[in-house]
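Each number in this note's numbering corresponds to the 1-based position in the sequence shown with 7 added.
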Amino acid sequence: MTLNIGASGTIRPYAKYNSKADKWFAKGDGGDVEVARPTFVADFPNIATGWLRFREGQAPERVMDPSLDKAAPSQDEGFKRGFVVAVFSQKFFGGIAELSSASIHMCNAVREVYQAYTEQKDAHRGQLPVIVCTGSEAMKDKYGTNYKPKFEIAKWVDRPAELPDESPVDPKDVFKVEASSPRPQQGTPVSPPAAKPAADPLMETEF
Numbered sequence: 008m009t010l011n012i013g014a015s016g017t018i019r020p021y022a023k024y025n026s027k028a029d030k031w032f033a034k035g036d037g038g039d040v041e042v043a044r045p046t047f048v049a050d051f052p053n054i055a056t057g058w059l060r061f062r063e064g065q066a067p068e069r070v071m072d073p074s075l076d077k078a079a080p081s082q083d084e085g086f087k088r089g090f091v092v093a094v095f096s097q098k099f100f101g102g103i104a105e106l107s108s109a110s111i112h113m114c115n116a117v118r119e120v121y122q123a124y125t126e127q128k129d130a131h132r133g134q135l136p137v138i139v140c141t142g143s144e145a146m147k148d149k150y151g152t153n154y155k156p157k158f159e160i161a162k163w164v165d166r167p168a169e170l171p172d173e174s175p176v177d178p179k180d181v182f183k184v185e186a187s188s189p190r191p192q193q194g195t196p197v198s199p200p201a202a203k204p205a206a207d208p209l210m211e212t213e214f
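Have a look at this one:
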């Protein structure tokens, strides 16, 4: 399976990649703190995809997919396909962090390393991949030059005790699929509705 990618008001520990500047950042006491190219454990079994909209000074807006193989419907202008995944690195992120992005280059990089994860995971049951950012690749598009990080799976490890086995997104951010009423099967007789008793004119109201 490939990832279909190209809020909460709470500010959680985060990690992020600036594809325009080719720089990594983590949440510090006073805001973003630049970090070197990181190595981290990725909780790919619980990665979530969906529609994200980032606005300056605001918590990201999210409409997440019900599952990786069922996309939420397209959203308003400004929303882009993206992902949210929990990562762990004491050295680079100070522990658990939320990594999310709607950058097409970042999404493509994550999609590619996720594909490698799916191909190797059966040989490493119960373990998580350790991802290393080995560099970046300059990508020219209509917005100028941006950068796509290069990811590799360095090894596999047991799930860190600090990294819970749960979805990284709030349930309220997940798109809810409305359940449709079941249709009667063909060939199954359906009883007609029971006749209503005649109305008593003395009980009729004026409205």
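Each residue gets a CB set at the ideal place from its N, CA and C atoms; glycine is no exception.
Handout entry: Close beta carbons around N11, own chain, < 6 Å, minus the five adjacent residues each side
Key = Taken in chain order, the residues that qualify are T56 and A78.
Practice task
Have a look at D165 and V181 and give me their C-alpha separation to the nearest angstrom.
Solution key: Between D165 and V181, the C-alpha separation is close to 28 Å.
Exercise for the section: From the DSSP output, in three-state form, read off P52 for me. Expected result: DSSP places P52 within a helical segment (H, G or I) once states are collapsed to three.
Problem - Alpha-carbon to alpha-carbon, K34 and G89 - result: Cα to Cα, the separation comes out at about 20 Å.
Problem - Segment contact, 8 Å Cβ cut-off, at least three pairs: the region 123-141 with the region 67-77 - result: The region 123-141, when compared against the region 67-77, does not touch it at the 8 Å Cβ threshold.
Practice task
Starting from the Cα of Q82, find the closest Cα among R60, A66 and F100 and give me that residue.
Solution key: For Q82, the nearest C-alpha among the options comes from R60.
Handout entry: Which residues DSSP lists as bridging L59, in chain order
Key = Paired residues: R69 and K87.
Exercise for the section: Using beta-carbon positions only, say whether S26 and N115 come within less than 8 Å of one another. Expected result: Result no, Cβ atoms of S26 and N115 do not sit closer than 8 Å.
Handout entry: Minimum length 3: unbroken beta strand (DSSP E) runs contained in the region 128-191
Key = Fully contained in the region 128-191 are the following beta strand (DSSP E) runs of length 3 or more, in chain order: 134-148 and 151-165.
Problem - Helix, strand or coil at K30 according to DSSP, with G and I counted as helix - result: Strand.
Exercise for the section: Enumerate in chain order the residues of its own chain whose CB-to-CB distance from R44 is below 6 Å, with the five nearest sequence positions on each side excluded. Expected result: C140, listed in sequence order.
Handout entry: Start-to-end residues for the alpha helix (DSSP H) that takes in K98
Key = Residues Q97 to F100.
Exercise for the section: Return the chain-ordered list of same chain residues with a C-beta closer than 7 Å to the C-beta of Y124, the five sequence neighbours on each side being excluded. Expected result: Hits under 7 Å: F51, P136 and I160.
Problem - For V92: DSSP bridge partner residues - result: Answer is L106, bridged to V92.
Handout entry: Closest Cα partner of E63 within the set W163, D172 and G85
Key = Selection W163, D172 and G85 evaluated against E63 yields G85 as nearest (Cα-Cα).
Exercise for the section: Can you give me the start and stop residues for the beta strand (DSSP E) that G37 sits inside? Expected result: For G37, no beta strand (DSSP E) run applies, since DSSP gives it neither H nor E.
Problem - A123 (DSSP reduced to helix, strand or coil) - result: In this structure, A123 counts as helix in the three-state DSSP scheme.
Problem - In DSSP terms, what S81 is bridged to - result: Note: S81 sits in no beta bridge, so no partner.
Problem - Span separating the alpha-carbon of R19 from that of S96 - result: Their backbone Cα atoms lie some 15 Å apart in a straight line.
Exercise for the section: Alpha carbon to alpha carbon, how far is S174 from I54? Give it in angstroms, no decimals. Expected result: One C-alpha to the other measures close to 7 Å.
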